Structure formats: structure tokens, C-alpha cells
Amino acid sequence: HWQHARRNKLGDLRSRHIGYVMQTGGLLPYLTVRENMNLSRFVLGMPDDGTIDDLAKELGLTRHLGLKPAALSTGERQRVAIGRALAHKPSIVIADEPTASLDPFAAEKIMSLFIGLVEELNITVIVASHAWRHIKRLGLRRLAHQTRRTNDGKLTETVVTG
19 HWQHARRNKL GDLRSRHIGY VMQTGGLLPY LTVRENMNLS RFVLGMPDDG
69 TIDDLAKELG LTRHLGLKPA ALSTGERQRV AIGRALAHKP SIVIADEPTA
119 SLDPFAAEKI MSLFIGLVEE LNITVIVASH AWRHIKRLGL RRLAHQTRRT
169 NDGKLTETVV TG
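Reading the sequence shown from the start, the letters are residues 19 to 180 in my numbering.
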């Protein structure tokens, strides 16, 4: 699709099959927790089938569903972002340092919860993280990459190992 400039097709694939957890949460401040979590489902025209309430319960957010992000702690906002990424039941979730702004205890708790939900929903997760102890403790596979130029200097390649 990229080579044939079918960007709308790429956008459609991304919106339906990929969830994303931003490092800073990326919540919309004028939407409630429920509305933020339901955003991808709403855009995709998915029905209200109880998914948001189930995720809110799993993430410990039920009592916050009517609140705006400003009323939440950093950890609560990050749990809302995780819920939003999972709400439309994507095939893949990409998480960029999902616990970077949290203290170590909260980070470990949220990562465990996140990985548990991902496993329960049978979703592939790609986590960018510097918290190697969390990755190891959760039994996740660690991949590393190295970018280098080919010997002739014409191409750059990234080699992923792990």
C-alpha cells in the first residue's frame, strides 16, 4: 500500500489492527475517561458491547469513567491510555515506554496488568522500554537492534537480534 500511495488503506489497517500506548498517555483533555477509552471504537463504528466497562474494571478505573484526565494521577492516566489501546481489540499493540513516568512499584504493577490483558485478549504487544528488569521479570522476549552502513557506504541497515 505504501509503494502505491494508498495511504487511506494504510490508515484503515492501522486504525483497525493496531493499538498504541504513548509514553505520556496522549489522552484528549476535553473527553472523559470513558470517552477517551472508547475513542477508537467510536471512530470505527463499533457498538457499545460492555468492552469499556470490562476494561475499566480490569484496570481499576470504574469510578473514574466520568472524570476528565486532569483529575487523574499519572498512573491512572496511563491505565486509561492502555485501555484505549486495547478497547477495539487490535491484533497488535505498540507501547512506547508505557511506564516511564511512573515510580518503580506502580510501573511494575501496570506492566503486569497490561501484559495480563494482552495475553487474555490474545494480542501481540511490542514494548519499547529501558526498564529491562520489568521485561525480564514479565518473561518478555528482549530484542535489540543495531543500525549500520553497508561496507560500500551506500545503504543503511538495521539488524534486529534476540
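Cβ coordinates follow ideal geometry from the N, Cα and C atoms, glycine included. Keep in mind it's a predicted model, so treat the numbers as computed, not measured.
Check your understanding: Can you give the Cα-Cα distance for Leu79 and Asp170, rounded to whole angstroms?
Key -> As a working mapping, residue 79 is identified with position 61 in the sequence shown. As a working mapping, residue 170 is identified with position 152 in the sequence shown. Going by the C-alpha atoms only, they are around 55 Å apart.
Exercise for review: Assign Ala149 to buried or exposed, taking buried as 16 or more other Cβ atoms, counted over all protein chains shown, within 10 Å of its Cβ.
Suggested key: Position 131 of the sequence shown holds residue 149. Ala149 should be labelled buried.
**Study point:** Leu57 versus Ala105, Pro47, Gly93, Arg81, residue with shortest Cα-Cα distance
**Key:** Taking the first residue of the sequence shown as 1, we reach residue 57 at position 39. Nearest option by C-alpha distance: Ala105.
Review point. If you check the beta carbons only, do Pro116 and Pro87 fall under 7 Å apart?
Key: Stepping through the sequence shown from its first residue, residue 116 is reached at position 98. Stepping through the sequence shown from its first residue, residue 87 is reached at position 69. Result no, Cβ atoms of Pro116 and Pro87 do not sit closer than 7 Å.
**Study point:** Selection from Leu90, Ile141, Glu76 that minimises the alpha carbon distance to Lys107
**Key:** Taking the first residue of the sequence shown as 1, we reach residue 107 at position 89. When each option's Cα is compared against that of Lys107, the closest is Ile141.
Point to revise | Whole beta strand (DSSP E) elements within the stretch 97–149, 3-residue minimum | key: 110–114, 142–146
Exercise for review: Within its chain, find whatever has a CB closer than 8 Å to the CB of His174; leave out the 5 residues flanking it on each side and keep chain order.
Suggested key: Within the sequence shown, the letter at position 156 stands for residue 174. First, the residue type needs correcting, since residue 174 is Thr and not His in the sequence shown. Answer for Thr174: Thr165, Arg166, Arg167, Thr168, listed in chain order.
Practice item. Let me know the secondary structure DSSP gives Gly37 once reduced to three states. Key: Counted from its first residue, the sequence shown places residue 37 at position 19. Note: Gly37 maps to strand in three-state DSSP.
Practice item. Check Thr168 in the structure and name its three-state DSSP category. Key: Translated into the one-based positions of the sequence shown, residue 168 becomes position 150. In this structure, Thr168 counts as coil in the three-state DSSP scheme.
Check your understanding: What is the rounded straight-line gap between the Cα of His35 and the Cα of Asp121?
Key -> Counted from its first residue, the sequence shown places residue 35 at position 17. Counted from its first residue, the sequence shown places residue 121 at position 103. The alpha-carbon atoms of His35 and Asp121 are separated by roughly 31 Å.
Point to revise | Close beta carbons around Gln41, own chain, < 6 Å, minus the five adjacent residues each side | key: Here residue 41 refers to the residue found at position 23 when the sequence shown is read from its first residue. Beyond the five residues adjoining it in sequence on each side, Gln41 comes within less than 6 Å, by CB distance, of Asp114, Glu115, Ala118 in the same chain, given in chain order.
Check your understanding: Whose CA, out of Ala146, Leu161, Gly157, His82, lies closest to the CA of Leu49?
Key -> Counting from one through the sequence shown, the residue named residue 49 turns up at place 31. With respect to the C-alpha of Leu49, the residue from Ala146, Leu161, Gly157, His82 having the closest C-alpha is His82.
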